[in-house]
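> Residue numbers (the numbering used here): 156 to 1044.
Glycine included, C-beta positions come from ideal geometry on N, C-alpha and C.
This one's a predicted model, so the numbers in the text were calculated from it and none came from an experiment.
#1: Could you tell me which residues DSSP pairs with residue 908 in its beta bridges?
#2: Please report the Cβ distance between residue 977 and residue 1017, rounded to the nearest whole angstrom; I am assuming they are in contact, meaning their Cβ atoms lie under 8 Å.
#3: What does the Cβ neighbour count give for residue 923, buried or exposed, with the cut at 16 atoms within 10 Å?
#4: I'd like the list of long-range same chain contacts for residue 653, defined as Cβ closer than 6 Å, with 5 residues on each side in sequence excluded.
#5: Are three or more beta carbon pairs between the stretch 899 to 913 and the stretch 855 to 872 nearer than 8 Å?
#6: Would you say residue 526 and residue 688 are within 7 Å of each other, going by their C-beta atoms?
#7: Could you tell me the boundaries of the beta strand (DSSP E) in which residue 332 lies?
#8: To which residues does DSSP link residue 498 through a beta bridge?
#9: Beta strand (DSSP E) containing residue 1020: first to last residue?
#10: Distance, Cα to Cα, residue 827 vs residue 888?
#11: In the DSSP assignment, what are the bridge partners of residue 940?
#12: Given this structure, state the Cα-to-Cα distance separating residue 1009 from residue 1043, to the nearest angstrom.
#13: Identify the residues that DSSP records as bridge partners of residue 697: which are they?
#14: What number of angstroms, rounded off, separates the C-alpha of residue 639 from the C-alpha of residue 961?
#15: Apart from the five residues on each side of it in sequence, which residues of its chain come closer than 7 Å, Cβ to Cβ, to residue 764?
#16: What first and last residue would you give for the beta strand (DSSP E) that runs through residue 706?
#17: Residue range of the beta strand (DSSP E) that residue 168 falls in?
#18: Counting beta carbon pairs with one atom in the stretch 247 to 256 and one in the stretch 272 to 286, are three or more of them shorter than 8 Å?
#19: Near residue 430, which residues of its chain fall below 6 Å by C-beta distance, leaving aside the five closest residues on each side in sequence?
#20: Using the Cβ count rule (16 or more neighbours within 10 Å means buried), how would you classify residue 571?
#21: What does a CB cutoff of less than 8 Å around residue 879 pick up in its chain, not counting 5 residues either side in sequence?
#22: Mind checking if residue 429 is an interface residue toward chain B, Cβ cutoff 7 Å exclusive?
#23: Could you check the C-alpha separation between residue 550 and residue 224 for me, to the nearest Å?
#24: When you compare only the Cα positions, how much space is there between residue 1003 and residue 544?
#25: Out of 672, 736, 178, 798, state which residue places its alpha-carbon closest to the alpha-carbon of residue 497.
#26: Can you tell which of 995, 969, 331 has the C-alpha that lies nearest to the C-alpha of residue 910?
#27: Would you mind giving the Cβ-Cβ distance between residue 844 and residue 751, rounded to the nearest angstrom? I have them listed as a contact below 8 Å.
#28: With DSSP as the reference, please indicate the residues paired to residue 932 in a beta bridge.
#29: What separation, rounded to the nearest whole angstrom, lies between the Cα atoms of residue 381 and residue 944?
#30: Quick check on the burial criterion: 16 or more other C-beta atoms within 10 angstroms. Buried or exposed for residue 369?
#31: Mapping the DSSP letters down to three states, classify residue 795 as helix, strand or coil.
#32: Within 8 Å, do at least three Cβ pairs link the stretch 627 to 641 to the stretch 521 to 540?
#33: Taking the straight line between their C-alpha atoms, what separation do you get for residue 289 and residue 360?
#34: Determine whether the beta carbon atoms of residue 999 and residue 712 lie at a separation below 7 Å.
#35: Starting from residue 885 and walking both ways along the beta strand (DSSP E), at which residues does that stretch end?
#36: Contact between the stretch 289 to 299 and the stretch 253 to 265: three or more CB pairs below 8 Å?
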């Protein structure tokens, strides 16, 4: 046989030959055991077969083990020497555990065998040596059961059935209550099962047992659960597992013995306290298998005070050495503590932030290390209610996750009803085909929103995010019957007042009341943690907000400015919508100016409050952007009201005349594709009085606050610019309006004027536009739409999910930036813009500004800030830090 053993390569290591830095070779378990041994902690003796041996086994099979076997035997003799016991000996037998240990923790995914070395002769020796025959036979029973399952592949149910029958006959509940004479009968029965199921008797040679167990652990690297876990956790398949062979210590030798698992801090809350469980007179698997109800670790103070104190010292030492919260397995054998494993402990998002913050304060880790310990996804979990991930749930539909968090409530279909019931404190889920600006009163009172149409940048999605309510949009499987007040998904029907749960984080819809996890984060720890993150971030994080309330929330969450204040959202409140409609339907400039003046006064008051809230920080106000028809009611609704007036004989009334004018205007503004029609700066070019009125309202608000000594840093942004000529013309108009107002206040105030880059042409001629712009802000919602040539609402509802599933797009391009297409245009605009104006300020205010991967790209191409909805600010702050630290790419 050709040798597969590499000359000069070491495959087997004693614990005292390894250290924590050898994790790739020795696996996490083995490397940490070796490290603990070097620290002088009470670790049983053992050795480790390396991951390199596992990888060779995967290629060569049993031939690798045959060639490696002399080294294994050599190390077993070493264990015999240091323990004073003999493997397979009939006087003082050495028993070992054989355990897996991958370089990256995969808890419970691979296999372990305990009590290896027992047979019909050594069990008698163990009984005599321990002076406890029941203990010895219990270990043998456990070993046969575990070996048969892990190594021979025999279903555990065969053995559990035998145990159940014996316990039933004895009228007992727990395995540890089975007397010694019955254990002997069970062992005999277990051996019969092995012979029947495998065709061979249970192996009596301890060396054969050991070889078979090592091979079984190697094989377990590719068992189904391990492969699935690696796929979920994004762990490479080629790492392999090490095999740790360690002298057995026994927690089931009597009342002065036990076993347990503890965390050096509470993994749920992050509190600095020992957290875990233990069992007296038990082996390790009893704790995790649920065979007996363990006691909380705090109770060990009373049961065994000296062991508890020793564990506290060990936990503190390990935590400070490994510089992280530790998950520790221990066994107590006749009053002596042994540490069997330590690893960095899994924790909740809440605990992760608390522990990272506290460890910096305690001097255990530096701020840089702490910031790397929490992911942006974990920060998001802290801010919203979530569906309990441990719940066994089946969704009835899945749409587009548009606004994070989960909500449960009774289904309502009418916007007015949602407002009334929401006002009374009743949680309702508003279900609509889509929403319009006129629906804001109902949206603001709903616990959540579900629509059958629309995408991530639809009105419903944008408003839901600004309100901070969970939202699922584009759920096309939901067929809504507004008249019958019901919706169906296949054969499943949901009627008005039925309870549903929507998950705006996953896009799923569940029937009934799904169990939710409440957000629970002490603000002190979150703010301290995010302040540390800001120390490493190059990009600043600003906020998209349109109201004073949103501005306050954004500032509280750490925004360094407002990157997008959408003026049109201020028009959508019911008292202002009618005035905006007067602006749109006005046929004469004078009539339009009258209505505009009313709006400008209202808008100026909004600006005053927002600018005051954000004083000292920049605020970018975007002038009117959406198509004008968005502010008008649906034509069919107007026609219906008009027909009703005629039927009542009031067809000549002033109200009917107003509706006729409105209907005519609606029809005149109707466009095949309004998102590519008369909107944005095109409105400002043809109706300059609209942008002029807005610019004056901004200037009035700024000058009033300046007079009061408030530090105002306001900028004006022109949307949808495609040419240098547009920017030149509109900048001149805005500057004139601002100067006029400033002069009337006796102030020499000016503001920076820039534009959104949201059209491919704007990116291509960015140098031309930059001559007239002080800043660019990438509106990536529209830039993605126009670059891909898709209607974002229709695409997300119709085919984007399938494109992602088929691998045509790696991600939904409206959630994560399309770097090759949209990203290439952004990079071009950055380079061309700054070639024309070196100090050009650059940011992004599309929804991508809150997406971690997109933030990393923005950092890479040299933007100055990202702007996102308020509730995404903490996620964006950590993402910006992780990008600078090289953790996002």
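Once the coordinates are examined:
#1: 871
#2: Not quite, the Cβ-Cβ distance comes to about 16 Å (not below 8 Å), so this is no contact.
#3: buried
#4: 566
#5: yes
#6: yes
#7: That residue, residue 332, is in no beta strand (DSSP E); it is neither H nor E in DSSP.
#8: 482
#9: 1020 to 1024
#10: 30 Å
#11: Answer by DSSP bridge pairing: none, since residue 940 is not bridged.
#12: 10 Å
#13: 1022
#14: 37 Å
#15: 703
#16: First-last for residue 706: 703 to 711, but that is the alpha helix (DSSP H), not the beta strand (DSSP E).
#17: 167 to 169
#18: yes
#19: 418, 421
#20: exposed
#21: 920, 923, 924, 926, 927
#22: This model lacks chain B altogether; it includes just one protein chain.
#23: 52 Å
#24: 26 Å
#25: 178
#26: 995
#27: 6 Å
#28: 911, 998
#29: 42 Å
#30: buried
#31: helix
#32: no
#33: 22 Å
#34: no
#35: That residue, residue 885, is in no beta strand (DSSP E); its alpha helix (DSSP H) goes 879 to 899.
#36: no
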